[in-house]
Amino acid sequence: MKRAKKPTREQKELIAKQGLLPKNWMVILDDKKEETICKKSRFQIIEDGEIAKKAKATITELTYQIENDFSDIKSFNIRKNS
-16 MKRAKKPTRE
-6 QKELIAKQGL
4 LPKNWMVILD
14 DKKEETICKK
24 SRFQIIEDGE
34 IAKKAKATIT
44 ELTYQIENDF
54 SDIKSFNIRK
64 NS
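If you read the sequence shown in the numbering used here, its first letter stands for residue -16, the second for the next number, and so on.
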């Protein structure tokens, strides 16, 4: 998912029409350029170049694996976070 950006004027108007307060809401653009309006409190914005690079590399690798039927992965281990 891409970094949250401040809403544009049109998006603020849409938020206002829905009765939401613009200062409490963000518009998130996904990789398909679809917009989602959600509360700012749901996200913690982290600005760290190294974390961003690692996240992009992970997303790139996972995208490659999905598009190529997991050609480089020999076994899957599914675990539950506690």
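All C-beta atoms in this analysis are idealised placements derived from N, C-alpha and C, irrespective of residue type, glycine included.
The alpha-carbon of residue 44 is positioned some 18 Å away from that of residue 61.
Rounded to the nearest angstrom, the gap between the Cα atoms of residue 9 and residue -4 is 13 Å.
Beta-bridge partners of residue 12 (DSSP): 18. In the structure shown, the three-state DSSP call for residue -9 is coil. 9 Å or more divides the Cβ of residue 48 from the Cβ of residue 20. Residue 56 and residue 50 have their C-alpha atoms spaced approximately 13 Å apart.
Judged by DSSP secondary structure, residue 56 falls outside any alpha helix (DSSP H); it is assigned neither H nor E.
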